[in-house]
Amino acid sequence: MASSNGTSPLLGIVVVQLGILILTTQGATGDLVQVVSMVFGLGAVVVTPFWLLLAAYDSGPSGTETAE
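As numbered in the numbering used here, residues 2 to 69 make up the sequence shown, in order.
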């Protein structure tokens, strides 16, 4: 479910970062952590602009959020 305020993708990214942090603190191999963080890092770079555009599109034409 995509929310028009854009908090869902940001929350997902935070959860992923916390997961990586937990992996590192639990003593996972460095190579695995590097690969996972690289994959999710690239995913965040690709997904974030898409979600921002989607949020802007949702708030624009729908007229639910009006400026002062």
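A virtual CB, placed ideally from N, CA and C, is assigned to each residue, including glycine. Only a predicted model underlies this, so the values are computations on that prediction, with no experimental measurement involved.
Starting from the C-beta of residue i, find all residues in its chain whose C-beta is less than 6 angstroms away, skip the five residues before and the five after it, and write them out in chain order.
i	result
Phe41	Val17
Assuming residue i contacts residue j (C-beta within less than 8 angstroms), just tell me the rounded distance between them.
i	j	result
Ile14	Val34	No, Ile14 and Val34 are not in contact; Cβ-Cβ is about 17 angstroms, not under 8 angstroms.
So, for residue i: in the same chain, excluding its five sequence neighbours on each side, which residues have a beta-carbon less than 7 angstroms away from its beta-carbon?
i	result
Val48	Pro10
Looking at residue i and the ligand PLP, is the gap between the Cβ and the nearest heavy atom below 7 angstroms?
i	result
Gln35	Ligands are entirely absent from the displayed structure, and the ligand PLP is therefore not among its contents.
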